[in-house]
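Asker:
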Amino acid sequence: MAARPVSRMLQRVLSVRSCSSGAPVTQHRPGEPSQTAVEELSRRRQFLREHAAPFSAFLTDSFGRQHSYLRISLTEKCNLRCQYCMPEEGVPLTPKADLLTTEEILTLARLFVKEGVDKIRLTGGEPLIRPDVVDIVAQLHRLEGLRTIGITTNGINLARLLPQLQKAGLSAINISLDTLVPAKFEFIVRRKGFHKVMEGIHKAIELGYSPVKVNCVVMRGLNEDELLDFVALTEGLPLDVRFIEYMPFDGNKWNFKKMVSYKEMLDTLRQQWPELEKLPEEESSTAKAFKVPGFRGQVSFITSMSEHFCGTCNRLRITADGNLKVCLFGNSEVSLRDHLRAGASEEELLQIIGAAVGRKKRQHAELLLMLQDSPPAIPSISSQDPFRVQGIGHRVSFSNQMATLWKGCRGPRTSLLAQQWLGSGPPQRHCSSRLDSDTNPKCLSAVSRAPATPSGPPPTSDQLTHVDAEGRAAMVDVGGKPDTERLAVASAVVLLGPVAFKLVQKNQLKKGDALVVAHLAGVQAAKQTSQLIPLCHHVALSHVEVQLELDSTRHAVGIQASCRARGPTGVEMEALTAAAVAALTLYDMCKAVSRDIVLGEIKLISKTGGQRGDFHRT
Numbered sequence: 076m077a078a079r080p081v082s083r084m085l086q087r088v089l090s091v092r093s094c095s096s097g098a099p100v101t102q103h104r105p106g107e108p109s110q111t112a113v114e115e116l117s118r119r120r121q122f123l124r125e126h127a128a129p130f131s132a133f134l135t136d137s138f139g140r141q142h143s144y145l146r147i148s149l150t151e152k153c154n155l156r157c158q159y160c161m162p163e164e165g166v167p168l169t170p171k172a173d174l175l176t177t178e179e180i181l182t183l184a185r186l187f188v189k190e191g192v193d194k195i196r197l198t199g200g201e202p203l204i205r206p207d208v209v210d211i212v213a214q215l216h217r218l219e220g221l222r223t224i225g226i227t228t229n230g231i232n233l234a235r236l237l238p239q240l241q242k243a244g245l246s247a248i249n250i251s252l253d254t255l256v257p258a259k260f261e262f263i264v265r266r267k268g269f270h271k272v273m274e275g276i277h278k279a280i281e282l283g284y285s286p287v288k289v290n291c292v293v294m295r296g297l298n299e300d301e302l303l304d305f306v307a308l309t310e311g312l313p314l315d316v317r318f319i320e321y322m323p324f325d326g327n328k329w330n331f332k333k334m335v336s337y338k339e340m341l342d343t344l345r346q347q348w349p350e351l352e353k354l355p356e357e358e359s360s361t362a363k364a365f366k367v368p369g370f371r372g373q374v375s376f377i378t379s380m381s382e383h384f385c386g387t388c389n390r391l392r393i394t395a396d397g398n399l400k401v402c403l404f405g406n407s408e409v410s411l412r413d414h415l416r417a418g419a420s421e422e423e424l425l426q427i428i429g430a431a432v433g434r435k436k437r438q439h440a441e442l443l444l445m446l447q448d449s450p451p452a453i454p455s456i457s458s459q460d461p462f463r464v465q466g467i468g469h470r471v472s473f474s475n476q477m478a479t480l481w482k483g484c485r486g487p488r489t490s491l492l493a494q495q496w497l498g499s500g501p502p503q504r505h506c507s508s509r510l511d512s513d514t515n516p517k518c519l520s521a522v523s524r525a526p527a528t529p530s531g532p533p534p535t536s537d538q539l540t541h542v543d544a545e546g547r548a549a550m551v552d553v554g555g556k557p558d559t560e561r562l563a564v565a566s567a568v569v570l571l572g573p574v575a576f577k578l579v580q581k582n583q584l585k586k587g588d589a590l591v592v593a594h595l596a597g598v599q600a601a602k603q604t605s606q607l608i609p610l611c612h613h614v615a616l617s618h619v620e621v622q623l624e625l626d627s628t629r630h631a632v633g634i635q636a637s638c639r640a641r642g643p644t645g646v647e648m649e650a651l652t653a654a655a656v657a658a659l660t661l662y663d664m665c666k667a668v669s670r671d672i673v674l675g676e677i678k679l680i681s682k683t684g685g686q687r688g689d690f691h692r693t
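Residue numbers (the numbering used here): 76 to 693.
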């Protein structure tokens, strides 16, 4: 070998038993309390910091970047099907025989740690579905010089496994969570499990992990309207919410128009919290950290696209099938598995690793090309006006279709469900988007062509109420009206045609579950009616319900929406808006299949409450 690392030559000079770093070691005696081991580990880590040897040449690239952080994928499998990550049917998996065995993982980890890697993060797929993940953590924990063992997980299995993982030596946790809305979570990941993730976050806090890092990939039209909700969680919880710029990898169907830049996100946060302060960061950190003064936790931004951090990158990756990747964006890989199974010695493996690291570019070409092809940044839009038009040809933002169940109209707000699961605030009532079990499940029975028959006092009015004496548009002053219980029901029908109807019926549309999306769109639309209809008053709805039912005889979907509130003005506009937007969403979901879709029969079915009396269409 031409050049042996100085760190290894120092081992031969230091006459200290078993520690490759030169840190003094005392023999652990059976029966000693675990605190002794913890204190000893702390002393050894302090020694490592004070007596750090020159870094390995094999892990230093031609630009002087020292790679001390290794990410190891334990599996290609995942128990979720995130829409921005993989298709619903999953991806072709590597045969088990071609994946790294546990012993091979540990052999490679041991080699990298000897050369200076002091942090290993276990990834996937979903690492916590690997049966021997706890044992792998325990084995890694025994490696001298390894200071941090982290894991990135979707959190589904975290609450169950974390106590064992902590005992095995897991020291850092990143939990992926892109929304605080259970229904939206299910739409994004195509699986249930929101409450399991929240339980996992709660368990991590309970076991003393601080901070608990929560990774949120921010995508325009999907979840950018939840930025303030995520930040509000850090007020009472030791969380580091990390907003990650969406990266358009090959194979997923999104594009740069979905990316929300770091500066746009920061602008949104500063509109709510002008006092947001920047925190110092390490040179190799990928995150720009901020904190709202007085909050327990913090927020960070991973600016992978708008302000890349290639110049300080210290990361290497080993895939589940044993390939070494020196850059996340690069296509170049070297199979360590093949060399390992061919009987390569440690020295030969180091030469292969060193050659790969040496070829790492200052900034990868693929990233440059993607950034050159990206459109200009979309101007910042305040999250306090979430229901907006983004331009002709664009779909209505999906976040504007989803029901953020706890969200108020103005000001900071913390997820009520998150408060309930994480204990950061008092329970509060919120709008329900669920179908009540005691409601009539038949929507189409209400869709009738019969004439309207009002009941109660007739609506006597000889002039339009939304114009003033000079004929100009004006809002009605409801300040003097008494608060009464208001309920309204509206309906609509979407005639899909046989082809689109069959795909909706079998849930085979490429865009996803049309009925679920339309249901949620209707709920969100009801809550945003005053922002859509200029002269409508904002109404604090106490309940919204949207039902959809398939009608195979007409190849149609019947929609019924009901809204309830207590206030000085009615909710019929909210019900009509919910039904109409649900119908429009069905059209949007199905338009790629057929343009011959008819939306019709949008009408008020009934309303109760108010001075003008009740109305019932029979």
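No residue lacks a Cβ here, since even glycine has one placed at the ideal position from N, Cα and C. Every value quoted in this text rests on a predicted model; they were computed, and no experiment measured them.
Taking Cβ to Cβ, would you say R692 is nearer than 8 Å to L679?
Answerer: Result yes, Cβ atoms of R692 and L679 sit closer than 8 Å.
Asker: In this structure, does DSSP put I608 in helix, strand or coil?
Answerer: Of the three classes helix, strand and coil, the one that applies to I608 here is coil, per DSSP.
Asker: If I follow the unbroken beta strand (DSSP E) through E620, where does it start and stop?
Answerer: H618 to D626
Asker: First and last residue of the alpha helix (DSSP H) that includes N271?
Answerer: Checking the sequence, you will find Lys at residue 271 rather than Asn. In the DSSP assignment, K271 falls within the alpha helix (DSSP H) that extends over F269 to E281.
Asker: Identify which residue in L203, G230 and L197 has its Cα closest to the Cα of L215.
Answerer: L197
Asker: So within the segment 398-446, which uninterrupted beta strand (DSSP E) runs reach at least 3 residues, ignoring any that extend past its ends?
Answerer: 398-400
Asker: Rank E151, F376, A655 and T223 by C-alpha distance to the C-alpha of V289 and give the top, closest one.
Answerer: F376
Asker: Alpha carbon to alpha carbon, what distance is there between K171 and D207?
Answerer: 15 Å
Asker: Alpha carbon to alpha carbon, how far is L155 from R266?
Answerer: 6 Å
Asker: Taking the beta strand (DSSP E) that L674 falls in, what are its first and last residues?
Answerer: Taken as a continuous stretch (DSSP letters only), the beta strand (DSSP E) holding L674 covers V673 to T683.
Asker: Can you tell which of D136, L403 and L571 has the C-alpha that lies nearest to the C-alpha of E624?
Answerer: L571
Asker: Could you give the residue range of the beta strand (DSSP E) that holds R670?
Answerer: Note, R670: premise wrong, no beta strand (DSSP E); not H, not E.
Asker: Between which residues of its own chain and S246 is the CB-CB distance below 6 Å, once the five residues before and five after are set aside?
Answerer: T223 and I224
Asker: Tell me which residue opens and which closes the alpha helix (DSSP H) that C665 is part of.
Answerer: Where C665 is concerned, the enclosing alpha helix (DSSP H) starts and stops at E647 to C665.
Asker: Looking only at its own chain, which residues have a Cβ that is under 7 Å from the Cβ of R205, when we skip the five neighbours before and after it?
Answerer: L149 and T150
Asker: With a cut-off of 8 Å, do at least 3 Cβ pairs link the segment 260-275 to the segment 225-232?
Answerer: yes
Asker: Does DSSP put A395 in a helix, in a strand, or in coil?
Answerer: coil
Asker: According to the Cβ coordinates, are N389 and S143 closer than 8 Å?
Answerer: yes
Asker: Mind checking A667: buried by the 16 CB within 10 Å criterion, or exposed?
Answerer: exposed
Asker: My output table needs one value for I319: the three-state DSSP class, helix, strand or coil.
Answerer: strand
Asker: Spell out a yes or no on whether the segment 369-384 and the segment 418-431 are touching, meaning 3 or more CB-CB pairs, one atom from each, closer than 8 Å.
Answerer: no
Asker: Quick check: is the beta carbon of M273 nearer than 8 Å to any beta carbon in chain C?
Answerer: Here there is only one protein chain, and chain C is not present.
Asker: Over the uninterrupted alpha helix (DSSP H) stretch that includes L237, give me the two end residues.
Answerer: L233 to A243
Asker: Taking all protein chains shown into account, decide if P162 is buried (16 or more other Cβ within 10 angstroms of its Cβ) or exposed.
Answerer: exposed
Asker: By how many angstroms is the C-alpha of L252 removed from the C-alpha of H594?
Answerer: 22 Å
Asker: When DSSP builds the beta bridges, which residues end up paired with V335?
Answerer: Its beta-bridge partners do not exist; DSSP assigns none.
Asker: Rounded to whole angstroms, how far is the Cβ of Q636 from the Cβ of A650, which I believe are closer than 8 Å?
Answerer: First, the amino acid is wrong: residue 636 is Ala here, not Gln. Distance from A636 to A650 at the Cβ level is roughly 5 Å; contact confirmed, criterion being Cβ atoms closer than 8 Å.
Asker: According to the Cβ coordinates, are H618 and R639 closer than 8 Å?
Answerer: yes
Asker: What residues match up with N290 in a beta bridge as DSSP calls it?
Answerer: S251 and R317
Asker: Do the CB positions of V569 and L661 come within less than 8 Å of each other?
Answerer: yes
Asker: Return the residue from the list L578, L344 and A654 that minimises the CA-CA distance to H630.
Answerer: L578
Asker: Buried or exposed: where does A417 fall if 16 or more other Cβ atoms within 10 Å of its Cβ makes it buried?
Answerer: exposed
Asker: By the three-class DSSP mapping on this structure, what secondary structure does T176 have?
Answerer: coil
Asker: So, helix, strand or coil for V464, using DSSP?
Answerer: Reliability fails at V464, whose pLDDT of 27 lies under 50, so the model's placement of it is uncertain and the value that follows must be treated cautiously. V464: coil per DSSP, three-state reduction.
Asker: Using three-state DSSP, classify G386 as helix, strand or coil.
Answerer: The DSSP-derived three-state label of G386 is helix.
Asker: Looking only at its own chain, which residues have a Cβ that is under 8 Å from the Cβ of I608, when we skip the five neighbours before and after it?
Answerer: For I608, where only same-chain residues beyond five positions count, the Cβ hits under 8 Å are M648 and T652.
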